[in-house]
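Enquirer: Here's a structure for you.
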Amino acid sequence: MSIPVNAVNLKSRIDRREHIFNQFVSKPEFRLKIVNAIEHKHGAYGLWLTVKQIVEMEANKGSEFFIFCEDDHEFTEHYSYKLLCDCIEQARALNADMLSGGYSWFGNAVQISDNLFWADKFNGMQFTVIFRKFYQSILDADFGENVVTDIHLSGITTNKFVIYPFISVQKEFGYSDVTSSNEKEGYVDGIFKSSME
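Letter by letter, the sequence shown follows residues 22 to 218 of my numbering.
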């Protein structure tokens, strides 16, 4: 099975495009498509519009699920195709809307199996499986220009899970087009480290 991956990238961010390409180049289990992000004066709103565009495209293709990926996604040493497939199947059996490869922050969590946790809310969508049953909810959502995509999406479903140990973190680039706090050196690495403990 070849898993569709839609990785969002601003055209001007060549360093990030090279990074995300290199994450997948040696992984034939994925079909990577780099999607040009919709540019907007509020970067987070541009990201939200891009998410909706991708979901609409996947809905029109009849995809059962796809992976939404941000261009700062980085696989951890815990990634394996078998682990990902096992967790996708477990999540589908649990009627999941989303399955994350790793969170930078989450609220309450409950262990479901050895490698699968449920969480009530989260931050971090750099590697997220989105299932077809959730497509219409995303397309119908209107959060306005002040949207924070991951937090707002986590608020419209209770059916969200995360793989643990994390198979994905965010690479720190020293700048962010969406979240200004991510520009502080060491911040991104620190929140993922804290989230994994």
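All C-beta atoms, glycine included, are put in the ideal place defined by N, C-alpha and C.
1) Check for me: the alpha helix (DSSP H) holding Ala58 runs from which residue to which?
2) Roughly how many angstroms separate the alpha carbons of Ala65 and Asn167, rounded to a whole number?
3) With a floor of 3 residues, list each beta strand (DSSP E) that falls wholly inside the region 57 to 110, ordered by position along the chain.
4) Report the start-end ranges of each beta strand (DSSP E) in the region 112 to 181 that is 3 residues or longer and not cut off at the edges.
5) Is Gly128 near Phe148, with beta carbons less than 9 Å apart?
6) What does the Cβ neighbour count give for Ile212, buried or exposed, with the cut at 16 atoms within 10 Å?
7) Mapping the DSSP letters down to three states, classify Phe187 as helix, strand or coil.
8) Could you check whether Val183 and Phe89 sit closer than 9 Å to each other, using their CB atoms as the reference points?
Expert: According to the structure shown:
1) Counting along the chain, Ala58 sits inside no alpha helix (DSSP H), nor does DSSP assign it H or E at all.
2) C-alpha separation (whole angstroms): 7 Å.
3) Runs of beta strand (DSSP E) with 3 or more residues, each lying fully within the region 57 to 110, are found at 86 to 91, 94 to 96, listed in chain order.
4) Counting only runs of 3 or more, we get 119 to 121, 130 to 134, 137 to 140, 148 to 152.
5) Inclusion of Gly128 and Phe148 in the CB contact set at 9 Å is not warranted, their separation being larger than that value.
6) With a pLDDT of 46 at Ile212, under the threshold of 50, the modelled position of that residue is not reliable, and the figure given next carries that caveat. Looking at its Cβ environment, which holds 16 or more other Cβ atoms inside 10 Å, Ile212 is buried.
7) Here Phe187 sits in coil by DSSP.
8) No, they are not a contact pair.
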